[in-house]
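K.L.:
Shown below is the structure under consideration.
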Amino acid sequence: MTVVGSADTSLYQKFLPADTAVQFLDPAGQPVASSARYARPDPQRLLTMYRNMVLGRRFDEQAVALTKQGRLAVYPSSRGQEACQIAAAMCLHAEDWLFPTYRDSMALTARGIDPVEILGMLAGDWHCCFDAKHHHTAPQCTPLATQLLHAAGLAHALSRTATSAAVLALCGDGATSEGDFHEALNFAAVFRAPVIFLVQNNGFAISVPLARQSVAPSLAHKGVGYGIGSEQVDGNDPVAMLAVLDAARDYVLAGNGPVIVEAHTYRISGHTNADDPGRYRTEGEVAAWTARDPLRRLETFLRAQGLVDDAYAAALTAEADGFATTIRDGMNRDRPPEIDDLFRYVYAEPTTQLQEQQNHARIEFTPDLDEDDQ
190 MTVVGSADTS
200 LYQKFLPADT
210 AVQFLDPAGQ
220 PVASSARYAR
230 PDPQRLLTMY
240 RNMVLGRRFD
250 EQAVALTKQG
260 RLAVYPSSRG
270 QEACQIAAAM
280 CLHAEDWLFP
290 TYRDSMALTA
300 RGIDPVEILG
310 MLAGDWHCCF
320 DAKHHHTAPQ
330 CTPLATQLLH
340 AAGLAHALSR
350 TATSAAVLAL
360 CGDGATSEGD
370 FHEALNFAAV
380 FRAPVIFLVQ
390 NNGFAISVPL
400 ARQSVAPSLA
410 HKGVGYGIGS
420 EQVDGNDPVA
430 MLAVLDAARD
440 YVLAGNGPVI
450 VEAHTYRISG
460 HTNADDPGRY
470 RTEGEVAAWT
480 ARDPLRRLET
490 FLRAQGLVDD
500 AYAAALTAEA
510 DGFATTIRDG
520 MNRDRPPEID
530 DLFRYVYAEP
540 TTQLQEQQNH
550 ARIEFTPDLD
560 EDDQ
């Protein structure tokens, strides 16, 4: 990843992010004069990104519907942030690791994880639901910024074992106000860990606007104090997101230490289905950001390049509808709880009291079982 400044500039200048967010496409999907520091992804990768964004949005829409039907306890929509999340997944290789937040389900779908397993936790299952080790993807994290420390630690461990793999950790603008955020950046900087911190600045930490959190010129500038590579990018520009994150991965794997990338985007829906965003933002603000829709922006560009036509878009829509059907069918299957799971992982060797509780629970939830069968 290129940093601003030449080799003979001061250290402070060297690590300053660009003055304006990196952009390849304007809000109408028209090409703009882009930074020569980043190469535009090839057409096939952009087509793949378009497909992943369409499927990601359909996933998001179906999850919102499942919440209204009572199949999910809660769901934090990521509509409007598709470019950030899909680029995050696509820039990684199979050996790399992803550390998501609770809002990054689209990134997990692009990572190839079963969508029904992704939603299992929000449906009330007690564990992560997908095989984190197999997918090199950590469980979705609800507490703000705690996953950043885990990502920094794993990245350091990978570098200590001479494993050529990168780690990407997602967070929101609210997480940058947490102590764990700063501890993670400092640790990663000191040990030159190959980790990318991607901040999805969607304007609000629940209902708290960015202006009440920080007066820094950008959140990317927070990397300056830690001496790490820093950049800001238009988070609703899919081409720019992929270009910058591809370069960021190359940068951290070259031994240059960590990178912080701030993506300027917007959360179109509320914080979760339980939130009323009308209490803290205007309809006009939402409409202005809706007009900068990342999916429409990329489709407009690909159509102008002759890479997408009506037939292609229709086929992709049909695929997305089939994807949604698979999700509905999977979530509509009952998953009887395993009573023993309540006790199985409390201690390596169960105590006498725990064993007694387990026996009572088995009787309570298995009517045909009595104490003589224990």
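563 is the number that this note's numbering gives the last residue of the sequence shown; the numbers go up by one with no jumps. Cβ atoms here follow ideal geometry from the backbone N, Cα and C, with glycine treated the same way.
Looking at C-alpha atoms only, which residue of 531, 211, 245, 552 is the closest neighbour of residue 506?
P.N.:
As a working note, residue 506 is residue 317 in the sequence shown. For the residues 531, 211, 245, 552, the minimum Cα distance to residue 506 belongs to 245.
K.L.:
For residue 370, which three-state DSSP category applies?
P.N.:
Taking the first residue of the sequence shown as 1, we reach residue 370 at position 181. Note: residue 370 maps to helix in three-state DSSP.
K.L.:
For the region 298-310 against the region 457-464, are there 3 or more C-beta pairs whose distance is under 8 Å?
P.N.:
no
K.L.:
Does the beta-carbon of residue 483 have 16 or more other beta-carbons within 10 angstroms, so that it is buried, or is it exposed?
P.N.:
On the sequence shown, residue 483 is found 294 positions in, with the first residue counted as 1. Burial call: buried.
K.L.:
Taking the alpha-carbon positions, what's the residue 325 to residue 526 distance?
P.N.:
For the purposes of this step, residue 325 is taken as the residue at position 136 of the sequence shown. For the purposes of this step, residue 526 is taken as the residue at position 337 of the sequence shown. One C-alpha to the other measures close to 26 Å.
K.L.:
Can you tell me which of the three DSSP states residue 273 falls into?
P.N.:
What you label residue 273 is simply residue 84 of the sequence shown in a count that begins at 1. If DSSP states are grouped into helix, strand and coil, residue 273 belongs with the helices.
K.L.:
Identify the continuous alpha helix (DSSP H) that holds residue 442 and give its terminal residues.
P.N.:
As a first step, residue 442 is located in the sequence shown; it is residue number 253 there, counting from the start. First-last for residue 442: undefined, no H or E at that position.
K.L.:
For residue 288, report the span of its beta strand (DSSP E) as first-last.
P.N.:
Indexing the sequence shown from 1 puts residue 288 at position 99. Start and end: 286-288.
K.L.:
Under the three-state reduction of DSSP, which class applies to residue 529: helix, strand or coil?
P.N.:
Here residue 529 refers to the residue found at position 340 when the sequence shown is read from its first residue. Note: residue 529 maps to coil in three-state DSSP.
K.L.:
Are residue 520 and residue 255 closer than 7 Å when you measure CB to CB?
P.N.:
Within the sequence shown, the letter at position 331 stands for residue 520. Within the sequence shown, the letter at position 66 stands for residue 255. With contacts defined as CB atoms closer than 7 Å, residue 520 and residue 255 qualify as a contacting pair.
K.L.:
Helix, strand or coil for residue 414? Go by DSSP, reduced to three states.
P.N.:
Counted from its first residue, the sequence shown places residue 414 at position 225. Residue 414: helix per DSSP, three-state reduction.
K.L.:
For residue 307, which residues of its own chain have a beta-carbon under 6 Å away from its beta-carbon, when the five flanking residues on both sides are left out?
P.N.:
Within the sequence shown, numbered from 1, the residue matching residue 307 stands at position 118. 294, 297, listed in sequence order.
K.L.:
Between residue 354 and residue 553, what straight-line distance do the alpha-carbon atoms span, to the nearest angstrom?
P.N.:
Taking the sequence shown and counting its residues from 1, the one referred to as residue 354 is at position 165. Taking the sequence shown and counting its residues from 1, the one referred to as residue 553 is at position 364. Between residue 354 and residue 553, the C-alpha separation is close to 49 Å.
K.L.:
Excluding sequence positions up to five away, which residues of its chain have a Cβ less than 7 Å from the Cβ of residue 227?
P.N.:
Looking up residue 227 in the sequence shown gives position 38. So the list reads 211, 432, 433, 436, once near-sequence residues are dropped.
K.L.:
To the nearest whole angstrom, what separates the beta carbons of residue 218 and residue 481, a pair I think is in contact under 8 Å?
P.N.:
In the sequence shown, the residue the question calls residue 218 occupies position 29. In the sequence shown, the residue the question calls residue 481 occupies position 292. Not quite, the Cβ-Cβ distance comes to about 10 Å (not below 8 Å), so this is no contact.
K.L.:
According to DSSP, simplified to helix, strand and coil, what is residue 389?
P.N.:
Numbered from its first residue, the sequence shown carries residue 389 at position 200. Residue 389: strand per DSSP, three-state reduction.
K.L.:
For the 8 Å Cβ check, are there 3 or more pairs between the region 284-294 and the region 402-418?
P.N.:
no
K.L.:
Nearest by alpha-carbon distance to residue 443: which of 381, 358, 396 is it?
P.N.:
Walking along the sequence shown from the start, residue 443 turns up at place 254. If you compare the alpha carbons of 381, 358, 396 with that of residue 443, the shortest gap goes to 381.
K.L.:
Considering residue 488, what are the terminal residues of the alpha helix (DSSP H) in which it resides?
P.N.:
As a first step, residue 488 is located in the sequence shown; it is residue number 299 there, counting from the start. Element bounds for residue 488: 483-493.
K.L.:
So within the region 231-317, which uninterrupted alpha helix (DSSP H) runs reach at least 4 residues, ignoring any that extend past its ends?
P.N.:
With a minimum length of 4 residues, the continuous alpha helix (DSSP H) runs that stay inside the region 231-317 are 232-257, 271-279, 294-299, 304-309.
K.L.:
Helix, strand or coil for residue 345 per DSSP?
P.N.:
Translated into the one-based positions of the sequence shown, residue 345 becomes position 156. Three-state DSSP puts residue 345 in a helix.
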